[in-house]
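One structure is given here, and the rest of the page talks about it.
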Amino acid sequence: MNLKLCVAFCVLLFVVFSCTKDDEITVTLKTSGTLNVNVADGNGAPFSNTNVRLMTIIGNYTSTLDQKKTDGSGNVYFGELNEGNYYLAVDTPKIENIKYMPYQLFQVISGVEKQLYINVAEFVGTFTLTLKKYDFSGEYLPYPDQKVFLVPTEKGNSSNLTLEEITNLAEYNETTDSAGKVSFTIPSDRYFYIVLFTDGLSDILGQIAVSKGSNYSYTEVVYP
């Protein structure tokens, strides 16, 4: 074998073995994480057999990806999820006759096990209403000793009801103080009608919903 042929043969062998070696290299990128959720009440007692809904975020909308029930320890495991942002909605039983609807935004990071602890009692906000009554002298005076009811909007129209009817529908009712103020701590992400009882019938002032940890103040003028 002459020198040129020998060199060419060696180069060919190098190329063949180099390509074979490169083909044997496998690179795997981890693009998912896992999610485990625990649901409990304000005292730390687990909520078993409770629906937990996992939702993906698409633009300004959410879409249900999966739904499972918690086990006897309040746990639910959703397994592997693609990296990204998700919403979690928990449909718990009532606590002391109050319905909570926890919504939690969270992020899944690739290769990380995500553990979410949902304390239902933390999903509340504060709403303070100040009532003023218009006086014919042109002043707006505090409206004390006025009953204020909060009725879940899903219970329907709350106008023109008797005191007994509106009391039965309401989840909350308080009386304004000497300054015309009244405060409520209510579940986040639920809508309520603000209802007064005047002249023998109920009257809706408006609607209210609060986010978790928020403090919302509102002033309403009542005309005679």
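Residue numbering for the sequence shown follows our numbering, starting at 5 and increasing by one per position.
Backbone N, C-alpha and C define an ideal beta-carbon position, used for all residues, glycine too.
**Q.** Where LEU165 falls: helix, strand or coil (DSSP)
**A.** Looking at LEU165 - three-state DSSP - the assignment turns out to be coil, as it is neither helix nor strand.
Q) Under the DSSP definition of a beta bridge, which residues are partnered with SER221? A) THR132
Q: Would you decide whether PRO228 is buried or exposed? Buried here means 16 or more other CB atoms lie within 10 Å of its CB.
A: exposed
**Q.** Same chain only: Cβ atoms within 7 Å of MET59, ignoring 5 sequence neighbours per side
**A.** THR66, SER67, THR68, LEU69, TYR90, TYR91, ALA93
Q: Express the C-alpha separation of ILE198 and GLY88 in angstroms, rounding to a whole number.
A: 38 Å
Q: Decide yes or no for the touch test of the stretch 95–110 against the stretch 161–169: beta carbon pairs closer than 8 Å, at least 3 of them.
A: no
**Q.** DSSP-derived helix/strand/coil call for ASN53
**A.** coil
Q.
Give me, in chain order, the residues of the same chain whose beta-carbon lies closer than 6 Å to that of ILE208; leave out the 5 immediate sequence neighbours on both sides.
A. So the list reads SER162, SER163, TYR197, VAL199, once near-sequence residues are dropped.
Q | CA-to-CA distance, LEU145 to PHE127, given in whole angstroms | A | 34 Å
Q) With a Cβ-Cβ cutoff of 8 Å, do GLU224 and LEU135 count as a contact? A) yes
Q: List in chain order: all unbroken beta strand (DSSP E) runs of 3+ residues lying wholly within the stretch 73–124.
A: Listed in chain order, the complete beta strand (DSSP E) runs (minimum 3 residues) inside the stretch 73–124 are 79–86, 88–95, 107–112, 117–123.
Q: Within its chain, find whatever has a CB closer than 8 Å to the CB of TYR220; leave out the 5 residues flanking it on each side and keep chain order.
A: GLY129, THR130, PHE131, THR132, ILE212, VAL214
Q. Can you list, in chain order, the residues of its chain whose CB lies under 6 Å from that of LYS137, leaving out five sequence neighbours each side?
A. The answer, listed in chain order, is LEU145, TYR147, VAL226.
**Q.** Closest by C-alpha distance to ASN42, when choosing among GLY63, ASN64, LYS73
**A.** LYS73
Q: Write down the C-beta distance between ASP203 and THR179 rounded to the nearest angstrom, noting that I regard them as a contact closer than 8 Å.
A: Between THR179 and ASP203 the Cβ distance is about 17 Å, and since that is not below 8 Å, they are no contact.
Q) By Cβ distance, which residues of its chain are closer than 8 Å to VAL155, with the 5 residues on each side in sequence left out? A) SER162, ILE170, LEU173, ALA174, GLU175, PHE196, TYR197, VAL199
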